[in-house]
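Everything below concerns the one structure shown next.
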Amino acid sequence: MLQTVLDAHPAGEATTKCDQTLAAFRFMLRARLLDDKFAALYRAGKIHGGVFLGRGQEALSASVGVSLKKTDIFAPLIRDAAGRLAFGETIVDAVRNYLGSPLGPMRGRDGNVHRGKPLEGYFPMISHLGAMISVVNGALFARRMKGISGTVGATCLGDGATSTGAFHEALNQAAVEKLPLVLVLADNQYAYSTPTSRQFVCEDLAEKAIGYGVASHRVDGTDLAACLETVGNAVAKARAGEGPQLVVAKLLRLCGHGEHDDSNYVDPKLKNSPLGRDCLKVAEELLFRQKWTDAATLATWRREITAEIEEAVAQVRREPAPDPYDEKWLAISSAHLNDVHDEDSGS
Amino acid sequence: MTITYLEAIREAQSRALRDDPRVFIYGQDVGAFGGAFKATKNLAKESPGRVIDSPISEDAMVGMAVGAAIEGMRPIIEMQFADFSIVGFNQIVNQAATLFWRTNVPCPITVRLPFGGTEGGGPFHSQSIEAIYAHYPGLVVLTPATVEDAYSMLLEAVAIDDPVIFCEHKFLYYHLKAEKLPSEALPIGKARIAREGRDLTVVAYSAMVHEALEAATELATEGWEIEIVDLRSVKPLDTDTVMASVARTGRLLCVGEAWPWGGVTAEIIARVASEGFGLLDVPPQRLNAKDTPVPYHPNLWMAHRPTARAIASAARKILRR
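What follows is the structure, given as structure tokens:
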């Protein structure tokens with residue numbers, strides 16, 4: 001379907017732009033529909049623990065995913081369903097992780113947004129904010145030591161994470177080592193319920209870059225075209241050896257922190273401001289305006305993606321759940337160094 | 001020719017760098033300066049580009065090691081003092097220690113902690129924090145007590161596919177000397193009988209092994225034969241060797257330089273009490289540092305930590321029951 005649309009357009013830069021925008025848009029749409037399904041499963045009591053959506057952040061997140069190569073490093077955060085899909089995650093793996101399937105990437109040992117495949121450069125986040133930045137630094141550092149050039153490492157954060165010590169230490173570390181790190185900050189106005197006024201007092205989070213001696217970029221996070229250009233530019237600069245790049249996107253989180261949160265604390269003025277625009281709608285309007293797609297095609301995409309998601313959920317729900325009797329209960333890889341001490345068996 | 005405990009640690013790192021291109025060292029002042037204790041002296045010259053100064057960022061130092069380990073490297077992180085590793089605690093216990101279990105991808109990093117008390121060290125340069133690392137699943141925690149173990153266990157630590165907390169005692173750095181480096185060693189996970197005896201088992205590790213040996217020499221003049229178990233690693237804990245020793249002596253004293261609440265000595269007593277209660281002739285005892293921060297002045301410090309005299313005194317009480 002996508003190919004048909006692309007083929008209808010003239011060659012050259014315009015095609016590339018159309019191609020990339022459509023690809024990113026489709027990842028946004030896939031993420032939105034997948035998130036909607038997770039929210040529905042949560043309300044139906046089918047998910048253990050929380051559900052965390054990326055609603056309102058898909059344009060930024062998809063832009064990161066499509067700007068990276070498969071050989072790059074990507075450490076997404078909780079609102080990056082779109083970026084994850086764009087970086088190569090399958091819908092089935094995302095569903096498996098939420099349902100705790102032993103066939104999923106974390107095998108039921110961790111769930112929801114805590115998922116990744118480290119050996120494929122797709123790092124699974126821990127809950128502690130800012131903690132993934134230095135891990136990405138380490139991977140980039142190792143690649144440089146091994147003589148591998150041209151790798152970029154990207155990781156995503158929210159405004160709240162900029163208040164952590166880990167953020168400071170790691171951004172400074174990346175600057176000192178001049179690593180090809182792209183730090184993508186979604187300034188989504190709230191860290192859980194805390195407004196940015198209680199988080200920082202600088203005019204704009206991009207100002208933080210000055211203190212670390214790194215380059216910064218600002219972008220309207222509700223505008224897919226702008227996000228693609230800005231993030232793409234930052235990734236290109238990092239790849240070209242220009243050191244760490246901080247991208248700060250302003251937008252509004254269009255959901256609660258998690259699905260358990262009705263987010264009644266969000267200021268209605270923000271919702272009605274340009275920040276409160278739904279990036280998916282904005283992108284859709286762009287595609288129609290440019291005549292890169294039409295309503296009928298979009299409806300078909302929605303149908304196809306929805307069917308794919310429903311099929312994935314049905315498949316995963318047929319898969320066996322993890323079995324505690326099959327579990328190895330071993331936290332280290334060197335089995336001979338396991339501290340065997342089982343009071344029940346008296347060993 | 002003699003070699004100190006500290007030189008053994010330097011030699012082990014030198015050899016690890018030479019033998020394995022995946023190894024690198026990252027820490028504060030470890031480069032041209034050679035480290036605060038000179039444990040990396042000349043290594044930057046020997047292995048250019050692989051002994052790297054870090055900013056004062058313990059969290060980012062460990063996070064960086066985890067990322068490099070995922071990429072197939074074998075980083076050694078030098079914490080300037082064990083006490084400062086607490087700033088990197090999150091990355092150690094939540095990132096490094098959980099990686100294999102979460103993802104099936106091993107995390108072969110070695111975090112070197114210069115730990116334990118020295119004269120004038122004070123509250124923030126003296127801590128013994130092996131127990132808090134041992135508490136977390138996913139870490140191997142080593143506490144070598146001899147020059148030979150400092151060398152062979154550090155080499156083994158770097159070779160292990162899991163995160164290792166390598167607790168090297170600062171008091172032993174210069175005090176302890178050996179004739180030469182070992183060509184073979186006990187594997188990690190095996191405790192060592194540092195002295196044989198039939199009247200009392202003293203379980204100790206790191207610097208406390210030497211205090212216990214001195215106490216045993218003193219008690220020998222009174223006719224007591226003390227058996228000393230050097231744990232070598234606190235996780236895994238060689239319960240079998242401890243239990244076998246208690247089976248021979250019927251009496252147990254556990255000695256640790258760490259604080260008393262919970263910890264390694266408590267763990268040993270819990271295991272012996274639950275699995276070997278019948279082996280004990282008298283209630284097991286333990287001796288730890290006092291439950292205060294580590295004091296600065298030597299008069300206070302010597303009273304704060306278990307010494308040979310304190311160990312001998314505690315042993316006499318058990319032996320006379």
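As given, the protein sequences belong to chains A and S, one line each in that order. The numbering of the first sequence is the working numbering, which starts it at 1 and goes up by one. The numbering of the second sequence is the working numbering, which starts it at 1 and goes up by one. Where is the CB? At the ideal position from N, CA and C, for every residue including glycine. Predicted, not measured: the structure shown is a model, and the values here were computed from it.
The beta carbon of LEU99 (chain S) falls within 9 Å of a beta carbon belonging to chain A, placing the residue at that interface. The C-beta distance from LEU53 (chain A) to CYS227 (chain A) rounds to 18 Å, too long to fall under 8 Å, and the pair is not in contact. In the DSSP secondary-structure assignment, HIS217 (chain A) is bridged to A:VAL247. Residue environment: THR143 (chain S) is assigned as buried (16 or more neighbouring CB atoms within 10 Å of its CB, all protein chains considered). Under DSSP, PRO114 (chain S) takes part in a beta bridge, and its partners are S:GLU168. In chain order, MET106, ARG109, ASP110 and PRO124 make up the part of chain A whose C-beta sits under 7 Å from the C-beta of ARG102 (chain S).
ALA331 (chain A) sits in coil when the DSSP states are folded into three classes, being neither helix nor strand. Under a criterion of Cβ atoms nearer than 9 Å, no residue of chain A is adjacent to MET243 (chain S); the nearest Cβ is some 11 Å distant. For SER233 (chain S), no alpha helix (DSSP H) encloses it; the enclosing beta strand (DSSP E) starts and ends at 233-235. For MET1 (chain S), the number of other beta carbons within 10 angstroms of its own is below 16, and it is reported as exposed. In the structure shown, the three-state DSSP call for ARG107 (chain A) is coil. Within chain A, the residues whose beta carbon sits less than 7 Å from that of GLY138 (chain S) are ALA331 and ILE332, listed in sequence order. Taking 8 Å as the upper bound for CB-CB distance, LEU224 (chain A) and ALA23 (chain A) are not in contact here, some 11 Å apart. DSSP places PHE74 (chain A) inside the beta strand (DSSP E), whose first and last residues are 73-75. The Cβ neighbour count for TRP329 (chain A), taken over all protein chains shown within 10 Å, is under 16; the residue is labelled exposed.
Residue pairing by DSSP puts THR194 (chain A) in a beta bridge opposite A:ALA191. Taking ALA220 (chain S) as the centre and dropping the five residues before and after it, the same chain places the C-beta of ILE226 closer than 8 Å to its C-beta, in chain order. By the 16-neighbour rule on beta-carbons within 10 angstroms, LEU183 (chain A) is buried.
Three or more beta-carbon pairs drawn from the region 231-250 of chain A and the region 200-214 of chain A are found closer than 8 Å, and the two stretches are therefore classed as touching.
Interface criterion not met: the Cβ of GLN28 (chain S) is under 9 Å from no Cβ in chain A. Against chain A, a Cβ distance below 7 Å from PHE24 (chain S) picks out MET145. Flagged as an interface residue toward chain S: GLN173 (chain A), by a C-beta distance shorter than 9 Å. For chain A, the residues of the region 68-87 of chain S that bring a beta carbon within less than 9 Å of one of its beta carbons are ALA68, ALA69, ILE70, GLU71, GLY72, MET73, PRO75 and VAL87, in chain order. The shortest CA-to-CA distance from ILE129 (chain S) to any of S:ILE268, S:TRP259 and S:VAL282 is the one to S:TRP259. As DSSP reads the structure, PHE38 (chain A) sits in no beta bridge. If you compare the alpha carbons of A:GLU242, A:PRO76 and A:THR293 with that of LEU129 (chain A), the shortest gap goes to A:PRO76. A Cβ-Cβ contact shorter than 9 Å links ASN112 (chain A) with TYR98 (chain A). GLN285 (chain S) sits in a strand when the DSSP states are folded into three classes. Under the three-state reduction of DSSP, CYS156 (chain A) is assigned to strand. About 6 Å separates the CB atoms of ARG143 (chain A) and GLU71 (chain S); that is less than 8 Å, so the two are in contact.
Legend: CB atoms of the region 175-190 of chain A lying less than 9 Å from CB atoms of chain S belong to residues VAL176 and GLU177.
When rounded, the separation of the alpha-carbon atoms in SER14 (chain S) and ASP267 (chain A) is 60 Å. Contact between the region 193-210 of chain S and the region 136-150 of chain S is present: 3 or more CB-CB pairs across the two stretches fall below 8 Å.
For a Cβ distance threshold of 9 Å, residue set ILE126, SER127, HIS128 and ALA131 of chain A lies close to ASN94 (chain S), ordered along the chain.
Interface annotation, GLY49 (chain S): in contact with chain A, CB-CB separation under 9 Å. Counting along the chain, no alpha helix (DSSP H) covers PRO75 (chain S); the unbroken beta strand (DSSP E) around it starts and ends at 74-78.
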